[in-house]
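Numbering (my numbering), first residue to last: 274 to 827. Think of the CB as a built atom: it goes at the ideal place given N, C-alpha and C, for glycine as much as any other residue. Only a predicted model underlies this, so the values are computations on that prediction, with no experimental measurement involved. In what follows, a single structure is set out as structure tokens and then discussed.
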């Protein structure tokens, strides 16, 4: 006991001495953070992970703090679980009251305002220390920070903007306004909210370097891609179109010959901006979550098979000549190695099916098979296998045989060339330039089909949305666009509400063959209430901010 007292006395004595530095050693002060270019860039590096966080490899893939893919809310992807966690997407879309203000799966607000606070702190420190940098360098630092602030505000608007109430974000552009004393702030209207995003991203595009000079950091085409997407959501079609035109004229991007090559490297000529990973160092868990249970790793463990493409999604893929597939053609509706080549080439690149070859084996998506052991849907809380008869192929790494030990390390590509072209087509259609809209979609399809192909006509705004939304569903599948596309175009209720999605269950037959059975993969109908067009802001914001208004019907 005496020893403890003496040590405590010594500690208190040193604490009282002016010669002992008691400053925290786990953080830097502003002066050090902005001492030179190297330090400031390290500070900025922290913000880059927000791109990955809200991508489909990240912890906020659903939109709020939930790692389930947002496509699982739609007609193209079905999760197998029926309980919280593995079944969140199913619960949200089938259980009344599952999504509510106090259990908000789409709370981008809390996470993004955390980022906005940190970004505004950076901007404040940069202004205080501008003397340490040239005007050009300081503007580049500001541009990087404003890119991420625009990204954060865009994510908030995507989830929480209310057209019914004309309510958008709380516009914090200065760290001095983000304090406890002045916590009461009203939400801006929609126009002013989109103005804020537009201003930030336009500054970024004007002051970020060209790709060749970016040294792997943000460049102006990333900002233009964000501008194109954000302005599309805002309905500012002329601005979105102009951003794509700059990318097309000066960016040097184009279509890859092999669809797989798009997602294998950030050096793909389609990749405008993304987030890189490294084996055993910086990884994600996409392969562990969506590989099949028959995909056995070197350590003996296997994929979790959390979700599989629906039959409705498979039905979207056209015939090999581009004409619409007729679902009454039972001989080709359920995909096999023998008929897959008769369809859009992207089908074989995006979806795995019974008897497909993958990592040196043939998938067993059939009754009694290792890849479809627990059936039908609902018989097991979390089956760990597809309940639709299909698996995701796109975005998986075919060369990773150790994803449960060393993780996954294929890159996440947030903005890519094909998305920009589909944005351009939509903008042209809005301007009633249906010829250019059709030509843009046709060029994409020609690249993907490998030659001349039939593309449905576009001669009105509605026909344009029919063609473009279907093309986006196929081309951008599993990249997190489908739910938000349906929602922003006012088509979510028509496509999702009252529906039951299906799959195929193969049964062994004579001679090593299989007989398909169309199965319903739902325990109840899916629901898309009108209030899902505007998800609530957090109840804590309402409780703590007297001027904040909640969205209607929440």
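{"Query": "Beta strand (DSSP E) segments (min. 3 residues) lying fully within the region 469-549", "Result": "544-548"}
{"Query": "Per-residue burial, residue 408 [other beta carbons within 10 Å of its own, 16 or more giving buried]", "Result": "exposed"}
{"Query": "For residue 312 and residue 295, the rounded distance between their alpha carbons", "Result": "With a pLDDT of 41 at residue 295, under the threshold of 50, the modelled position of that residue is not reliable, and the figure given next carries that caveat. In a straight line, the C-alpha of residue 295 is about 23 angstroms away from that of residue 312."}
{"Query": "Contact under 7 angstroms by Cβ, residue 805 with residue 347", "Result": "no"}
{"Query": "Counted within 10 angstroms of its Cβ, other Cβ atoms place residue 351 as buried (16 or more) or exposed", "Result": "buried"}
{"Query": "Under the three-state DSSP convention, the category residue 754 falls into", "Result": "coil"}
{"Query": "Inter-residue Cα distance where the pair is residue 525 and residue 542", "Result": "8 angstroms"}
{"Query": "Touching by the beta-carbon criterion (3+ pairs, under 8 angstroms), the region 539-556 and the region 623-636", "Result": "no"}
{"Query": "Proximity below 7 angstroms, CB of residue 673 to CB of residue 578", "Result": "no"}
{"Query": "Cβ contact (3+ pairs, closer than 8 angstroms) linking the region 802-816 and the region 775-787", "Result": "no"}
{"Query": "Per DSSP, the bridge partner or partners of residue 580", "Result": "352"}
{"Query": "Buried versus exposed, by CB contacts within 10 Å (16 or more), residue 246", "Result": "In this structure the chain extends from 274 to 827, so residue 246 is not present and cannot be described."}
{"Query": "C-beta contact flag for residue 341 and residue 362 at 7 angstroms", "Result": "yes"}
{"Query": "Identified DSSP bridge partners for residue 762", "Result": "Looking at the DSSP assignment, residue 762 forms no beta bridge with any residue, so it has no partner."}
{"Query": "Residue 392, buried or exposed, once every other Cβ within 10 Å from all chains shown has been counted against 16", "Result": "buried"}
{"Query": "Entirely enclosed beta strand (DSSP E) segments - the region 611-688, minimum 3 residues", "Result": "none"}
{"Query": "Span separating the alpha-carbon of residue 283 from that of residue 571", "Result": "Here residue 283 scores only 30 on pLDDT, less than 50, and its place in the model should not be relied on; the value that follows carries that caveat. Cα to Cα, residue 283 sits roughly 54 angstroms from residue 571."}
{"Query": "Ranges of the alpha helix (DSSP H) found wholly within the region 706-752, counting only runs of at least 4", "Result": "707-722, 734-748"}
{"Query": "Cβ contact (3+ pairs, closer than 8 angstroms) linking the region 364-380 and the region 806-823", "Result": "yes"}
{"Query": "Which listed residue (418, 457, 383, 459) has its alpha carbon closest to that of residue 233", "Result": "With the chain covering only 274 through 827, there is no way to say anything about residue 233."}
{"Query": "Supposed contact pair residue 333 and residue 405 - C-beta distance, whole angstroms, cut 8 angstroms", "Result": "Wrong, their Cβ atoms sit about 34 angstroms apart, outside the cutoff."}
{"Query": "Within 7 angstroms, strictly: CB atoms of residue 737 and residue 710", "Result": "yes"}
{"Query": "Cβ neighbours of residue 444 in the same chain (closer than 6 angstroms, five flanking residues each side left out)", "Result": "461, 469"}
{"Query": "Residues bridged to residue 555 (per DSSP)", "Result": "551"}
{"Query": "Residues near residue 520 in its chain [Cβ-Cβ closer than 6 angstroms; skip 5 each side]", "Result": "494, 497, 693"}
{"Query": "Reference residue 532; option with closest CA among 603, 575, 620", "Result": "620"}
{"Query": "Distance between residue 544 and residue 517 (C-alpha atoms, nearest Å)", "Result": "14 angstroms"}
{"Query": "Burial state of residue 339, where buried means 16 or more other Cβ atoms lie within 10 Å", "Result": "buried"}
{"Query": "Three-pair Cβ contact test at 8 angstroms for the region 642-653 versus the region 680-689", "Result": "no"}
{"Query": "Ordered list of beta strand (DSSP E) runs contained in the region 308-383, each at least 3 residues", "Result": "350-352"}
{"Query": "Rounded distance between the beta-carbons of residue 503 and residue 474, thought under 8 angstroms", "Result": "7 angstroms"}
{"Query": "Separation of residue 716 from residue 827, as counted between CA atoms", "Result": "43 angstroms"}
{"Query": "Short Cβ contact (7 angstroms threshold) for residue 745 with residue 769", "Result": "no"}
{"Query": "Residue 287 versus residue 452: straight-line alpha-carbon distance, rounded", "Result": "Only weak support is given to the placement of residue 287: the predicted model assigns it a pLDDT of 29, under 50, and the question is left unresolved by the model."}
{"Query": "Nearest residue (CA-CA) to residue 795, options 729, 370, 661, 560", "Result": "661"}
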